[in-house]
Structures are given as structure tokens and as C-alpha cells.
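Trainee:
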Amino acid sequence: MWWSLVLRPQLVCSPHKRNANMAQIFHRSSNFVARATLVLALSAGGLALAVIGGLARSPYLTNQNVARQQPVQFSHKHHAGDVGIDCRYCHTSVESSAVAGLPPTKTCMNCHSVLFSNAGYLEPVRESFRTGQSIAWVKVHRLPDFVYFNHSIHINKGVGCASCHGPVNQMPLLWQASPLLMSWCLDCHRNPEPNLRPKSEIFNMDWKAPANQAELGKKLAAEYKLRTTAELISCSTCHR
Amino acid sequence: MSSTPKNPPPLRRLAPVLEPGHTYASVTDKISAIVLTRPAGIAWFLGISLGFGLVMILGMALAYLIAKGTGIWGINIPVGWGFAIVNFVWWIGIGHAGTLISAILLLLNQKWRTSINRFAEAMTLFAVACAGIFPLIHTGRPWYAFWMFPYPSAMGIWPQFRSPLIWDVFAVSTYGTVSLLFWFVGLLPDLATLRDRSKSRAGQMIYGILAMGWRGSARHWHRYQSAYLLLAGLATPLVVSVHTVVSFDFAVAIVPGWHTTIFPPYFVAGAIYSGFAMVLTIAIPLRKFYGLEDFITMRHLENMAKVMLATGLVVAYGYMMEFFMGFYGGNKYDTFLAWNRLHGPYAPFYWSLILCNIVIPQLLWFHRIRTNVVVLFLLSLVVNVGMWLERFVIVVLSLHRDYMPSAWGRYSPTVWDWATYAGTIGLFVTLIFLFVRALPVISIAEMRELVAHTSEEKP
Numbered sequence: 037m038w039w040s041l042v043l044r045p046q047l048v049c050s051p052h053k054r055n056a057n058m059a060q061i062f063h064r065s066s067n068f069v070a071r072a073t074l075v076l077a078l079s080a081g082g083l084a085l086a087v088i089g090g091l092a093r094s095p096y097l098t099n100q101n102v103a104r105q106q107p108v109q110f111s112h113k114h115h116a117g118d119v120g121i122d123c124r125y126c127h128t129s130v131e132s133s134a135v136a137g138l139p140p141t142k143t144c145m146n147c148h149s150v151l152f153s154n155a156g157y158l159e160p161v162r163e164s165f166r167t168g169q170s171i172a173w174v175k176v177h178r179l180p181d182f183v184y185f186n187h188s189i190h191i192n193k194g195v196g197c198a199s200c201h202g203p204v205n206q207m208p209l210l211w212q213a214s215p216l217l218m219s220w221c222l223d224c225h226r227n228p229e230p231n232l233r234p235k236s237e238i239f240n241m242d243w244k245a246p247a248n249q250a251e252l253g254k255k256l257a258a259e260y261k262l263r264t265t266a267e268l269i270s271c272s273t274c275h276r
Numbered sequence: 016m017s018s019t020p021k022n023p024p025p026l027r028r029l030a031p032v033l034e035p036g037h038t039y040a041s042v043t044d045k046i047s048a049i050v051l052t053r054p055a056g057i058a059w060f061l062g063i064s065l066g067f068g069l070v071m072i073l074g075m076a077l078a079y080l081i082a083k084g085t086g087i088w089g090i091n092i093p094v095g096w097g098f099a100i101v102n103f104v105w106w107i108g109i110g111h112a113g114t115l116i117s118a119i120l121l122l123l124n125q126k127w128r129t130s131i132n133r134f135a136e137a138m139t140l141f142a143v144a145c146a147g148i149f150p151l152i153h154t155g156r157p158w159y160a161f162w163m164f165p166y167p168s169a170m171g172i173w174p175q176f177r178s179p180l181i182w183d184v185f186a187v188s189t190y191g192t193v194s195l196l197f198w199f200v201g202l203l204p205d206l207a208t209l210r211d212r213s214k215s216r217a218g219q220m221i222y223g224i225l226a227m228g229w230r231g232s233a234r235h236w237h238r239y240q241s242a243y244l245l246l247a248g249l250a251t252p253l254v255v256s257v258h259t260v261v262s263f264d265f266a267v268a269i270v271p272g273w274h275t276t277i278f279p280p281y282f283v284a285g286a287i288y289s290g291f292a293m294v295l296t297i298a299i300p301l302r303k304f305y306g307l308e309d310f311i312t313m314r315h316l317e318n319m320a321k322v323m324l325a326t327g328l329v330v331a332y333g334y335m336m337e338f339f340m341g342f343y344g345g346n347k348y349d350t351f352l353a354w355n356r357l358h359g360p361y362a363p364f365y366w367s368l369i370l371c372n373i374v375i376p377q378l379l380w381f382h383r384i385r386t387n388v389v390v391l392f393l394l395s396l397v398v399n400v401g402m403w404l405e406r407f408v409i410v411v412l413s414l415h416r417d418y419m420p421s422a423w424g425r426y427s428p429t430v431w432d433w434a435t436y437a438g439t440i441g442l443f444v445t446l447i448f449l450f451v452r453a454l455p456v457i458s459i460a461e462m463r464e465l466v467a468h469t470s471e472e473k474p
């Protein structure tokens, strides 16, 4: 085979076969090696680019769909899904501020001073309450520092929590449902209408876009006075 | 010619493009010997040591730049473009002679291009390599440079196609690629010659692989010549386009001194001017040290001097027009710019520029100067310096005092600016020295053709 030429170069250049003038420097199969090298180099380059491009979009780098361990066994599925607590009970500033806000331990204790008050797995919560030391929750949705993301504008312009965060009411441990790539942001900023919902449905985890969403989206966009696409995708809308 | 009457002054006989008495074998022997048989010599080692020492300085300057950022340079507001852009434009301009000689002169059937095209093309490639470093590092975060290429990115956006920076990427990379292809295709028959003449197994293998199976059959020559001509056609518009695009870096901005429609042609002329100066700077020592006077004759040197004179005059016209427009246009900022060049803090640079680029090169009108090798060499250095000063004047003088006096400032390069600049010169020198010892500096195949032609037209 051709690779034996690489392993045994004497096949390519065999000095004992040479005579004064008309010696062959290369074995005949070198032609094949040369062509194979070209094909392999091109396909290796293409493959490398495909791998890099795929890797950049993969959960390995975006952390999409990776459930995170937290210092407390907190389940969004239990609280938001089974019990049916509104998102805003804990994330109080989501309608009025850039950040949705993490609840203080006191919010937990509103219920857990009475419910499951002796449960072992809630000890970190009680300890935090006793000592005044905040629970070190692990941040699941990390945006780069140069992105000035604002929760309130999205909530007030008709983007539901689940549009970005996914079915949080079905997540025992929270995971990042969206890739959070810039292209993902821009997909919606370029064409927000499919993701708009009525004010009343913003916090509804189970809302499904109706059949007439195309029509509804257009109507809602006018109602919410959405900026033009050019403004929505302008650099300084998100980067300052 | 034999019956020329006595009354008119005798026509000066042009020096030949190839000294008489050469055969196919002597041409091949002489050129391939530089690579294959002649020892390198102490001068070569000294030269490459100097060049490589400067490359090490370049490495240090770049490493420190990447660690610390562009703050190590002298740039600041208002002069945000300093040495990086000055040197970029200077190098890319130098690179222009190669394509002009190889492509345009080939299509115009100028036989005298034959002995200078090979090393002029090599010089082009090395100059483009030096030039390419600067736009990359001037961005401050060179590791994001791939953002300038249009690829399907995870950011969901394309590069800003309205930005001259992106035009530069396309112009320079196209130029580099086509120049490299042109050079390599031209080298093929010579690589085969070196393969066949090489005594060492390594030489046979390396030149053999590079020669890509060239056997010199009629079919090979036929395809080779089609490919070469096609590439020449492809490269021809690039001679004009690259420096036009580089001039757009300035001309599309509204800074007084940059926002001028004359920039593209004036930049192209300046590029060819500096390119030919650099070809002379290399050709004169080259023919001296390797005894190539028979191949690179006075005819070549004189022709190059004439191209320099012509393009130098175009450049002078450009300067004149800038002044004319400064006053005729009546824009007070343009008028001030003209005044500032003559009398401002950087006036010595401007006057040196006029001296180097316009006044001194007028000596080239004289036949005796054009045929004096030493003076020609010095003149080529003067033009190299002058063209560097031109870019300094364009970049720094325009930026340092633009509109509001409250926003004026000064620029002076730091030691790192100088280190980077000197480093690229070292890189250039190193590559030239390696090239001289590794590849035939003159196209052997084309010289053989020239032998055939010149023996036919014997008087």
C-alpha cells in the first residue's frame, strides 16, 4: 500500500537501482502519494473547520442542556411545576430591572420555617438563615460581561420566560435550555414576532403559540411598539 | 545602422539584456551554481545573522505586544494610527514591483523583465509577509483576526463589508495568493533543473517534490505557458487594485489630508516607485556578490531607474495636487493641513520627504547617473526612505491636527514601534538571504529562452 512508502523510504529512493544519468528519484507510486496528499490535506482542512464550527455550537462549549448541581437540592420542577408558585415570587425584579434577582434566604424560609422544617437536605438553607450568609447558588445562565442584557424589556415587550429558559417547571435541577450564542439572540431580534405572546401569558410555562401566531405576532408587535429590526440588531442595542 | 550619417548625434546603443557569449549550459551552470555548488561564504552568514537577529527582536516585540496590548506603542488619541499603518503601507507598496514586472511586463512582451522577475516576485512575497503582520497586530487582539473573514460564525453576523479593513483582508490575501501561485508556477521548470543537477539525495528529493513531476515534455511546456499567461492576466488588475484598496483605508475617512479622490492613482504610482527602488536595492548587491552582471545588465538597471523616474514624477504630481486642492478647494481645514505640513511640528519630515522623493530622484534624468551603479544604489535607498516618510506624513500629520485645536496632539514612536519595524526589515532580509541560497534567483528556463532569442538576432 502507499503508506508503506512513508514507512520504508528505500522503496521511494533506491540507490542501488540508479545508474549515471537516467535514475528515477521517485518510485512510480509517488504520483499516487502526491495526489492522495492533496486530497487528504484538503479534506483534513475541511474536516478541521467542520469540527471547530461544530464544537463552537455544541453543549461542550455552550453548556446548553447541562444540569448544574446546586448547594441546595432545589427543584424548579417541584416549586414552579407541582406547587405552581409564580416565577415572580422569587425572581422579584424581573419586570422592572435588568436582572431577574435571586431570592434572599428569607424567601425560602417564608414556607420552610413551617414546611419540611426538619428535612436534612434543607439544612444549608436553615444555616444560611441562622448565619446570614447567602447561599452560593451556581449561576446557570451566564452571558458575557459585554452584553447588557435586560430582563425587564423582554418581559414588557411580550417575551415569555419559557421562550429563553425553556420548560423550567419540568426541571428538577435547572439547566440552560438555550445555547445563548449571539446567533441565537439575533435569530429573535431579527424576527421577534413568532416569540411574542399576550401580556397575560408571559409567566405561563405551558403556553403554546396558537395557530394564528403569524397574525397575532404582528398585532402584538404593534401593540408593544417594538423597535424596527434595524434598531433591534444594532450593535449598541446589546453592546455599549 | 551601418550607414548612419555623421551629422545627427550617434544613437546611444542600449546595453543588451543578456551579455553575449552565453549558451544554454553556461546560463544554467551559472545560476544553479549559486544554490547547488558555491559555498555560502562569510558575507552571507554575516548578512543572515544580522537579519535573523532582527527577527528575534521582532518576536520579542510581538510577544510583548500580545502580552501588554497596543499601549506599548506611541499611539493615542488623536493619532490612533502610528507605525503599524505606516509600515503596512510601506511594505505592501514595496511588494508592487514584483507583480508589475512579472505580469504587466510579461503581457507587454518586455524581454528585460526576464532576469529580474524571479527575485522581484520573491521580494513581493516577502514584503507582503512583512506587511501582513501589521494590520493583524494593530487590531490589538490578533487572536480574533479570523473575525475579519466571512465564515458562518456562531455570532450570526458577517464582517462589516463597508469597512476598508475588510477590503484590505481580501485585497492583500488575494494579492499574496496570486503572487505565490505565479511565483511557484514560474519556478517549476527551474525546480526540475535543480532536481536533476542536485548531487545530494536530500536535494533531489526536496526539489523533486517541489517540481511536481516536471519532465519538460512538450505537453508540460504547453500547459505551463497557458497557466503562466493566465496567471499573468489574473495578476494584472491586482497591481492596481491592492494599493487602491489600501488608499481607501484613508480616502473613505473624512480626515483632512485623507479624504481625497487622487489617493488611489497616487498610491499606486507611489507603490511602484518604492517597489522598483527596493528591486534596485536588492539587484545591485546581488549581481555584484554573485557575479550576475552578465544577466542583470546595465540595461535592466537603467530601465528600472527610468520606471522610478516616471512613477516618481506621478507621485510629485500627486503632492502638487494635494497642495493645489488645499488652497483651491477653500476648505479651511485642508488649507490648514497644507500650511501645517510646511510649518507645523512635523515640517522636517515633510521637507525630507520632498527632498528624498522629488528633488534627489531628478538626478535620474542623467544617463551618467542611471548607469552609475553606486549612485543608483544610494538613490534607491533614498527613495525607500522617502516613501516611508510619505506614509508617515499621510498617517501622522493628517491625524495629529484635524478639526478642533482642543483635540490636537502629538505622536512619537516608542522603542517597541522601532523594534517591530526593524524586526520586519530583519524578516525581509532573512527571507531574501534564504531565498538566494535555496532557489534560483534568476529564471533559468526563461534565460535559456533569452539565449535562443538573442542568438537569433545577432547583427
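Chains as they are written, first to last, in my numbering: chain P, 37 to 276; chain G, 16 to 474. Positions of the beta carbon are idealized from the N, C-alpha and C atoms, including for glycine. Given the structure is predicted, the values throughout are model-derived calculations rather than measurements.
(1) If you draw a straight line from the alpha carbon of G:Ala48 to that of G:Arg234, how long is it in whole angstroms?
(2) Less than 8 Å between CB atoms is the rule here; does G:Arg210 satisfy it with respect to chain P?
(3) Quick check: what's the CA-CA separation for G:Ala331 versus G:Ile459?
(4) Show which residues of chain G have a CB atom less than 9 Å away from the CB atom of P:Ala92.
(5) Just the Cα atoms here: how many angstroms apart are P:Gly168 and P:Thr264?
(6) Taking 8 Å as the CB-CB cut-off, is G:Gly228 touching chain P?
(7) Given this structure, state the Cα-to-Cα distance separating P:Ser40 from G:Trp162, to the nearest angstrom.
(8) Got a sec: is the Cβ-Cβ distance from P:Phe62 to anything in chain G below 8 Å?
(9) Taking only beta-carbon positions, decide if P:Asp223 is within less than 8 Å of chain G.
(10) Enumerate in chain order the residues of its own chain whose CB-to-CB distance from G:Pro474 is below 6 Å, with the five nearest sequence positions on each side excluded.
(11) What residues from the stretch 195-220 of chain P come within 7 Å of chain G, judged by C-beta to C-beta, listed N to C?
(12) Measure the Cβ-Cβ separation of G:Phe448 and G:Trp173 and say whether it is below 8 Å.
(13) To the nearest angstrom, report how far apart G:Phe450 and G:Leu65 are at their CA atoms.
(14) Taking CB distances under 8 Å as the criterion, tell me whether P:Gly287 reaches chain G.
(15) Roughly how many whole angstroms lie between the Cα atoms of P:Arg104 and P:Ile171?
(16) What residue from G:Trp127, G:Trp158, G:Ile287 and G:Gly95 has the CA that sits closest to G:Glu464's CA?
(17) Cβ of G:Gly327 less than 8 Å from any chain P Cβ?
(18) List, in order along the chain, the chain G residues whose C-beta lies closer than 8 Å to that of P:Asn67?
(19) For P:Leu232, which beta-bridge partners are listed by DSSP?
(20) Hey, out of G:Ile148, G:His415 and G:Gly272, whose CA is closest to G:Gly191's CA?
(21) Pull the bridge partners of P:Ala103 from the DSSP assignment, please.
(22) According to DSSP, simplified to helix, strand and coil, what is G:Pro174?
(23) Specify the secondary structure class of P:Lys244 as computed by DSSP and reduced to three states.
(24) Cα separation between G:Phe67 and G:Leu61?
(25) Could you list which residues in chain P have their beta carbon closer than 8 Å to that of G:Gly223, in chain order?
(26) Run through DSSP, which three-state label would G:Ile116 get?
(27) Under 8 Å between the Cβ atoms of P:Gly194 and P:Leu232?
(28) Name the residue from P:Cys274, P:Ile189, P:Gln60 and P:Ile61 whose alpha carbon lies nearest to the alpha carbon of G:Met170.
(29) Classify P:Gln206 as helix, strand or coil using the three-state DSSP reduction.
(30) Can you tell me whether P:Gln212 is buried or exposed? The criterion is at least 16 other CB atoms within 10 Å of its CB, across all chains shown.
(31) Buried or exposed for G:Trp105, going by 16 or more other Cβ atoms inside 10 Å?
(32) Sorted by chain position, which residues of the same chain lie with C-beta nearer than 7 Å to G:Met16's C-beta, five sequence neighbours on each side aside?
(33) Mind reading off the beta-carbon distance from G:Phe134 to G:Leu301? Whole number of angstroms is fine, and I expect it under 8 Å.
(34) Examine chain P for any beta-carbon lying closer than 8 Å to the beta-carbon of G:Ile109, and answer yes or no.
(35) Does G:Gln219 have its Cβ less than 8 Å from a Cβ in chain P?
(36) Distance cutoff 8 Å, beta carbons only. Does G:Ile384 sit that close to anything in chain P?
Mentor: In brief:
(1) Counting from one through the second sequence, the residue named residue 48 of chain G turns up at place 33. Counting from one through the second sequence, the residue named residue 234 of chain G turns up at place 219. About 28 Å.
(2) The residue you call residue 210 of chain G lines up with position 195 of the second sequence. With 8 Å as the cut-off, G:Arg210 counts as an interface residue toward chain P.
(3) The sequence position of residue 331 of chain G within the second sequence is 316, counting from 1. The sequence position of residue 459 of chain G within the second sequence is 444, counting from 1. Straight-line Cα distance between these residues: approximately 38 Å.
(4) Sequence index remark: in the first sequence, residue 92 of chain P carries index 56 (1-based). In chain order: Ser168 and Ala169.
(5) In the first sequence, residue 168 of chain P corresponds to position 132, counting from 1. In the first sequence, residue 264 of chain P corresponds to position 228, counting from 1. When rounded, the distance between both Cα atoms is 47 Å.
(6) Along the second sequence, read from residue 1 onward, the residue named residue 228 of chain G stands at position 213. At least one chain P Cβ lies under 8 Å of G:Gly228.
(7) Taking the first residue of the first sequence as position 1, residue 40 of chain P is located at position 4. Taking the first residue of the second sequence as position 1, residue 162 of chain G is located at position 147. Because P:Ser40 carries a pLDDT of 48, less than 50, the predicted location of this residue cannot be relied on, and the following value inherits that uncertainty. Taking the straight line joining both Cα atoms gives about 41 Å.
(8) The sequence position of residue 62 of chain P within the first sequence is 26, counting from 1. Yes, P:Phe62 counts as interfacial toward chain G.
(9) By one-based count along the first sequence, residue 223 of chain P stands at place 187. Interface residue, yes.
(10) Numbered from its first residue, the second sequence carries residue 474 of chain G at position 459. Bear in mind that the predicted position of G:Pro474 carries a pLDDT of just 43, short of 50, making it too unreliable to give a figure here.
(11) Leu217, Met218 and Ser219
(12) Here residue 448 of chain G refers to the residue found at position 433 of the second sequence. Here residue 173 of chain G refers to the residue found at position 158 of the second sequence. It is not a contact, given that the beta carbons lie outside the stated cut-off.
(13) What you label residue 450 of chain G is simply residue 435 of the second sequence in a count that begins at 1. What you label residue 65 of chain G is simply residue 50 of the second sequence in a count that begins at 1. Each residue's alpha carbon lies about 16 Å from the other.
(14) Limits of chain P in this structure are 37 at one end and 276 at the other, which puts residue 287 of chain P out of reach.
(15) Mapped onto the first sequence, residue 104 of chain P falls at position 68. Mapped onto the first sequence, residue 171 of chain P falls at position 135. Taking the straight line from one Cα to the other gives about 15 Å.
(16) Counting from one through the second sequence, the residue named residue 464 of chain G turns up at place 449. Here the closest residue by C-alpha is G:Trp127.
(17) If you number the second sequence from 1, residue 327 of chain G lands on position 312. Cβ-Cβ to chain P under 8 Å: no for G:Gly327.
(18) Start at 1 with the first residue of the first sequence, and residue 67 of chain P comes out as number 31. Here the neighbours are Gly228.
(19) As a position in the first sequence, residue 232 of chain P is number 196, starting the count at 1. Bridge partners of P:Leu232: P:Val195.
(20) For this step, residue 191 of chain G is matched to residue 176 along the second sequence. Of the listed residues, the one whose Cα sits closest to G:Gly191 is G:Ile148.
(21) If you number the first sequence from 1, residue 103 of chain P lands on position 67. Note: P:Ala103 sits in a beta bridge opposite P:Trp211.
(22) Counted from its first residue, the second sequence places residue 174 of chain G at position 159. DSSP places G:Pro174 in coil when its eight states are reduced to three.
(23) Working through the first sequence from its first residue, we reach residue 244 of chain P at position 208. If DSSP states are grouped into helix, strand and coil, P:Lys244 belongs with coil.
(24) Indexing the second sequence from 1 puts residue 67 of chain G at position 52. Indexing the second sequence from 1 puts residue 61 of chain G at position 46. Approximately 10 Å between the Cα atoms of the pair.
(25) Taking the first residue of the second sequence as position 1, residue 223 of chain G is located at position 208. Within 8 Å Cβ-Cβ: Ile61 and Phe62.
(26) By one-based count along the second sequence, residue 116 of chain G stands at place 101. Of the three classes helix, strand and coil, the one that applies to G:Ile116 here is helix, per DSSP.
(27) For the purposes of this step, residue 194 of chain P is taken as the residue at position 158 of the first sequence. For the purposes of this step, residue 232 of chain P is taken as the residue at position 196 of the first sequence. It is a contact, given that the beta carbons lie within the stated cut-off.
(28) Numbered from 1 along the second sequence, position 155 holds the residue referred to as residue 170 of chain G. Selected option, being the one with the closest Cα: P:Cys274.
(29) As a first step, residue 206 of chain P is located in the first sequence; it is residue number 170 there, counting from the start. If DSSP states are grouped into helix, strand and coil, P:Gln206 belongs with the helices.
(30) Along the first sequence, one-based indexing puts residue 212 of chain P at 176. Buried is the call here.
(31) Your numbering for residue 105 of chain G matches position 90 in the second sequence. When all chains shown are included, G:Trp105 counts as buried.
(32) Counted from its first residue, the second sequence places residue 16 of chain G at position 1. In this predicted model, G:Met16 has a pLDDT of only 45, less than 50, meaning its place in the structure is not dependable; the value taken from the coordinates is given anyway. There are no such residues.
(33) For this step, residue 134 of chain G is matched to residue 119 along the second sequence. For this step, residue 301 of chain G is matched to residue 286 along the second sequence. Correct: roughly 7 Å between the Cβ atoms.
(34) By one-based count along the second sequence, residue 109 of chain G stands at place 94. G:Ile109 does not count as touching chain P.
(35) Against the second sequence, residue 219 of chain G aligns to sequence position 204. Chain P, which has a Cβ nearer than 8 Å to the Cβ of G:Gln219, makes this yes.
(36) Indexing the second sequence from 1 puts residue 384 of chain G at position 369. It does not; no Cβ of chain P falls within 8 Å.
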